[in-house]
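Colleague: Per numbering that gives the first Met the number 0, the very first residue in the sequence shown carries number 0; after that it's consecutive.
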Amino acid sequence: MCTLFPTLHHSKPPHPCLPLNNYSSCSFHSSSLTFRAAHCTLQHRAIRIRALDAAQPYDYESQIHANHQNSTKLKIAIIGFGNFGQFLAKTITKQGHIVLAHSRSNYSESAHRLGVSFFSDPHDLCEEHPDVILLCTSIISTKYVLSSLPIQRLKRNTLFIDVLSVKEFPKNLFLQILPLEFDILCTHPMFGPESGKKGWKDLPFIYDKVRIGTDQLRSNRCERFLNIFAQEGCKMMEMSCMEHDKYAAGSQFITHTVGRVLGKLGLQSTPINTKGYEVLLELVENTSGDSYELYYGLFMYNTNATEQLERLEMAFDALKKQLFGQLHDILRKQLFDSNEGLDATSPTKTKPKASSIAETLT
Ligand code: NAP
C-alpha cells in the first residue's frame, strides 16, 4: 500500500501534480523512470496538506486536516513577544502547544529558550498557517500592528484572539478589520508576570466569544484555547467587552493609578511595616513592573477611565476637606476660647496664637 495514501488501495499512486480526486481515473506508465523516481521520493516524504480548498470532505487531505483540528494541541502565533507575550508563551508551550512568535524587536534568543519559533517577518509567520493569532501588543500599537499583518496569507478561518487590558477597543477593531471568515475571541487574563508568577490558580480570566463559527471545528478550537487557562486553574468568566471595561475602569485602572501615585511618593520599607503598609509596597511593585504604555492604554482606550480619575480626585478632595474642616473647627474653638477673658486693650497677647492658627489653616 502506498504510504502517502494509506486509506486508498490502488496499486499505483497518483502523479503528485494531479488532483487527488482524479486519481483513480488517470492512467500511468509505471515503467516510466520519471514516475518511479517521483514515486520513491514521495513515499519517504512527510505528509503535508496542500490545496485544501480543492479537496472534498471525503478526501484524505480533508480527513487528516479534520483530525489535526480535533487534536487537543493548537498552533498558536503570538504577535507582540514582549513582557506579557513571553509570560503566556511559557505556559502555552509547557502544555505542549506549538508556539510561533513575531515582534517588532528581535526576540530570537528568548524565543529559543522558551521553545518558540521566532519569525522576524510576519509574512513567514502567517505562511505557517497557525490555528490562532494571539495579539499581545501594547494597547496603543494594536491598530497599527493588526492593520499591517499580512492576513491574506493565513488560513481562511483563523481564530483571532487578543489579551488587551481593555476590551471594547480590540473588539471593534477586529470587527472592522478582519474578514467575516475569521473567528474572534476577546480575552483578558487579569494577572501578569508579577501576580501570576506562582501559578494561575484562581486568577480571573475574562472572555467574550465575539464571533465564533457554529461548526464544531471552530467551536472546538475556541474551547481548546480557553482550556489552556482553565487547565491552570484560572477562574473562567464569560462577560461582554462592554461590561468588562466598566468593571475594569473601577478596579484595574484605579489600582494602577493608586500604585503609580504611591510610586511617585517613593515609599520605602521601614523596620516597623504594618500588614497594610506591606500591601501598599506590593501594589507599587506590581504596578511599576508594567510599562507606562500599558497604563496609558488603560486610560486612553477605556471610555470609563476619565470618569474614574475624576471620581478619584473628588474623593481625595472630599477627604482633605473633611480633615481640614475638622481642623478649622478645633482651631476656631481654640482661637475663641483663648480670646475669652483676654484684655482687649492688649492685643499683642493673642497675636502669636492667631498667626500660628492662620499659618496652620493655609
Ligand atoms: P506593553 O507595553 O503593553 O506591550 C508591549 C508589546 O507591544 C511588545 O511586544 C512590543 O513589541 C509591542 N509594541 C509596542 N509598541 C509597538 C509598535 N509601535 N509596533 C509594534 N509592536 C509594538 O506591555 P506588555 O505587558 O507586554 O502587555 C502586552 C499586552 O498584554 C497589552 O495589551 C496589555 O494590556 C496586555 N496585558 C498585560 C498584562 C500584564 O500584566 N503585563 C496583563 C494582561 C494583559 P516589542 O517588544 O517587539 O517592541
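By construction, the Cβ of each residue, glycine as well, lies at the ideal position given by its N, Cα and C atoms.
This one's a predicted model, so the numbers in the text were calculated from it and none came from an experiment.
Among the residues of its own chain, which have a CB less than 7 Å from the CB of serine 109, if the five just before and after it don't count?
Modeller: Result list for serine 109: Gln85, in chain order.
Colleague: If you follow the beta strand (DSSP E) that cysteine 185 is in, where does it begin and where does it stop?
Modeller: That run of the beta strand (DSSP E) goes 182-188.
Colleague: Report the three-state DSSP secondary structure of isoleucine 271 (helix, strand or coil).
Modeller: Note: isoleucine 271 maps to coil in three-state DSSP.
Colleague: Tell whether a beta-carbon distance below 8 Å holds between threonine 186 and isoleucine 227.
Modeller: Contact: no.
Colleague: Given a cut-off of 8 Å on the beta-carbon distance, is the pair arginine 152 and histidine 111 in contact?
Modeller: No; because the gap between Cβ atoms is not below 8 Å, this pair is not in contact.
Colleague: Just to confirm before moving on: does the CB-CB distance between threonine 141 and leucine 174 stay below 8 Å?
Modeller: No, they are not a contact pair.
Colleague: Would you kindly work out how many angstroms separate the C-alpha atoms of aspartate 120 and isoleucine 139, rounded to a whole number?
Modeller: For aspartate 120 and isoleucine 139, the distance between alpha carbons rounds to 21 Å.
Colleague: Relative to ligand 1, is the shortest distance from any of its heavy atoms to the C-beta of threonine 136 smaller than 7 Å?
Modeller: Under cutoff, so the answer is yes.
Colleague: Which same chain residues end up closer than 7 Å to glutamate 167 when comparing Cβ atoms and leaving out the 5 residues on each side of it in sequence?
Modeller: Around glutamate 167: Cys240, Met241 and Asp244.
Colleague: Excluding sequence positions up to five away, which residues of its chain have a Cβ less than 7 Å from the Cβ of asparagine 285?
Modeller: Hits under 7 Å: Glu193, Ser194 and Gly258.
Colleague: Verify whether the separation of the beta carbon atoms of leucine 113 and isoleucine 77 is less than 8 Å.
Modeller: No; because the gap between Cβ atoms is not below 8 Å, this pair is not in contact.
Colleague: On a Cα-Cα basis, can you pick out the residue from Ser146, Thr136, Leu266 and Asn156 that is closest to histidine 128?
Modeller: Looking at the Cα atoms, Asn156 is the closest of the given residues.
Colleague: Assuming the contact rule is C-beta atoms closer than 8 Å, leucine 261 and valine 283 should be a hit. Round their C-beta distance to whole Å, please.
Modeller: So it is a contact: roughly 5 Å between Cβ atoms.
Colleague: Is it buried or exposed, leucine 148, if we count other Cβ atoms within 10 angstroms and call 16 or more buried?
Modeller: Leucine 148 comes out buried.
Colleague: Hey, would you say the C-beta of leucine 163 is under 7 Å away from at least one heavy atom of ligand 1?
Modeller: Because some heavy atom of ligand 1 lies under 7 Å away, the Cβ of leucine 163 counts as near it: yes.
Colleague: Does DSSP put glutamate 277 in a helix, a strand or coil?
Modeller: Residue state, collapsed to three classes: helix.
Colleague: Is tyrosine 246 near leucine 225, with beta carbons less than 8 Å apart?
Modeller: Cβ atoms of tyrosine 246 and leucine 225: not closer than 8 Å.
Colleague: Using 7 Å as the cut-off, classify the Cβ of tyrosine 206 as near or not near the heavy atoms of ligand 1, replying yes or no.
Modeller: False, no ligand heavy atom lies under 7 Å from that Cβ.
Colleague: When the Cα atoms are used, what is the spatial distance from glutamine 215 to glycine 265?
Modeller: Distance between the alpha carbons of glutamine 215 and glycine 265 is about 54 Å.
Colleague: For ligand 1, is there a heavy atom less than 7 Å away from the beta-carbon of aspartate 289?
Modeller: Correct: aspartate 289 has its Cβ closer than 7 Å to ligand 1.
Colleague: What is the DSSP secondary structure of histidine 327, reduced to helix, strand or coil?
Modeller: DSSP places histidine 327 in helix when its eight states are reduced to three.
Colleague: Rounded to a whole number of angstroms, what is the C-alpha to C-alpha distance between cysteine 125 and isoleucine 75?
Modeller: Approximately 11 Å, taken between the alpha carbons.
Colleague: Would you give the residue range spanned by the beta strand (DSSP E) that glutamate 127 belongs to?
Modeller: Per DSSP, glutamate 127 belongs to no beta strand (DSSP E) and is neither H nor E.
Colleague: DSSP three-state label for aspartate 161, please.
Modeller: Aspartate 161 falls in the strand class under three-state DSSP.
Colleague: Please report the residue range of the alpha helix (DSSP H) in which phenylalanine 298 lies.
Modeller: Here the alpha helix (DSSP H) through phenylalanine 298 covers 291-299.
Colleague: Expressed to the nearest angstrom, what Euclidean distance is found between the alpha-carbon atoms of serine 116 and phenylalanine 80?
Modeller: Computed Cα separation, rounded: 11 Å.
Colleague: Could you please give the first and the last residue of the uninterrupted alpha helix (DSSP H) stretch that includes aspartate 244?
Modeller: That run of the alpha helix (DSSP H) goes 240-247.
Colleague: For asparagine 303, is the beta carbon positioned less than 7 Å from some heavy atom of ligand 1?
Modeller: Checking every heavy atom of ligand 1 against the Cβ of asparagine 303, none is found closer than 7 Å.
Colleague: With distances taken between CB atoms, is the gap from phenylalanine 252 to glutamine 333 smaller than 8 Å?
Modeller: No, the Cβ-Cβ distance between phenylalanine 252 and glutamine 333 is not below 8 Å.
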